[in-house]
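Read the structure below first, then the notes.
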Amino acid sequence: MLEKFIKKFLDKKEKNEDIENIEKDDENFLIEFEENTIKNEEELIKNIEKKVKKNVNKYKPKKERPHYWTEYINTSKLYKNNNDKKNTINKNTTKEKKKKNNYYQLKKEWTKKGKEYEKYIGKHYENLGYIVKFNGIEKGKKDNSIDLIAIKQNEIIFIQCKNWKENSKYKITHKDIKAFIGDTHIFIQENQQYKNYQIKRHFVISNRILDKSAVNYIKEHRKEIEYKLIEFKE
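Counting from 0, one number per residue, gives the positions in the sequence shown under numbering that gives the first Met the number 0.
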């Protein structure tokens, strides 16, 4: 770099050009000096070396600007990555939406099957001579876990119906049975007109979906609750 500048300077000197008008070289490297102080080439070289050593940062060449094409390639890669990120985000959101839609669709199907099974069981008890109130269908979520209320003379039966698949991973446990008994106690306290009836509780299922804990709990509390397996024939 130094040799290049000196050569350029000497060429300009031979042409009798003004030293002060020396322009920046190709690598943005500029050195300033006075003509009077330079007597020969050796002194010139020494002066240049001294000034360079003293002002390294000043005469340090600037970094070359990358070619526009390389910049374009780098930026295009960046945008490509951003697009990839956007695409992955969009894919994830669409997957989540599909999952939600599938869940809501399944929930609708479950509620539909549940209501159909409640109607089926209601007719079954009506055939046995009971007056049936479809509590779950009428009140929805506010049914106190009591789907059907069957009354005959001085007897009342609180019924919960479950129309689940047998091979499903979901099972009825003893906690579900306890919760049903507790809900019926609360219901009777809130509705005193049923207090004088002979109270029974039936847990009616369409398939074998009770786990061992639920079966054992029902056996131990036969006076309070019993379960009935009634298959759903559509």
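By construction, the Cβ of each residue, glycine as well, lies at the ideal position given by its N, Cα and C atoms.
Model, not experiment: these values are computed from the prediction.
- C-alpha of Tyr196 to C-alpha of Asn190: approximately 12 Å in a straight line.
- Shown here, Lys170 sits in coil according to DSSP, grouped into three states, outside any helix or strand.
- Shortest Cα-Cα distance from Gln152 to any of Glu137, Leu127, Lys170 and Asp142 involves Leu127.
- Trp163 is the residue among Ile130, Trp163 and Ile158 whose C-alpha sits nearest the C-alpha of Glu108.
- The DSSP-derived three-state label of Glu154 is strand.
- For secondary structure counted as the beta strand (DSSP E) over 3 or more consecutive residues, the segment 106-158 holds these complete runs in sequence order: 130-132 and 147-151.
- Following the DSSP letters along the chain, one finds Glu219 inside the alpha helix (DSSP H) bounded by residues Lys211 to Glu219.
- Contact fails between the segment 170-184 and the segment 110-121, because fewer than three Cβ pairs, one in each stretch, are under 8 Å apart.
- Non-local beta-carbon contacts of Ala213 in its own chain, meaning distances under 6 Å to residues more than five positions away in sequence, involve Ile171, Thr172, His173 and Ile176 in chain order.
- About 5 Å separates the beta carbons of Phe157 and Arg200, which is inside the 8 Å limit, making them a contact pair.
- The C-beta separation of Ile217 from Glu225 comes to about 7 Å, placing the pair in contact by the 8 Å criterion.
- Shortest Cα-Cα distance from Tyr116 to any of Asp146, Glu223 and Asp182 involves Asp146.
- Taking the C-beta atoms as reference points, Tyr193 is found no nearer than 8 Å to Ile136.
- Take the alpha-carbon of Leu228 and the one of Val203: they are about 6 Å apart.
- If you look at Glu225, you'll find it in the beta strand (DSSP E) that goes Glu225 to Leu228.
- Boundaries of the beta strand (DSSP E) harbouring Arg200: Gln197 to Ile204, taken from the DSSP string.
- Counting the other Cβ atoms within 10 Å of the Cβ of Asn143 gives 16 or more, which makes it buried.
- Taking a C-beta distance under 8 Å as the contact criterion, Ile150 and Ile180 do not qualify as a contact pair.
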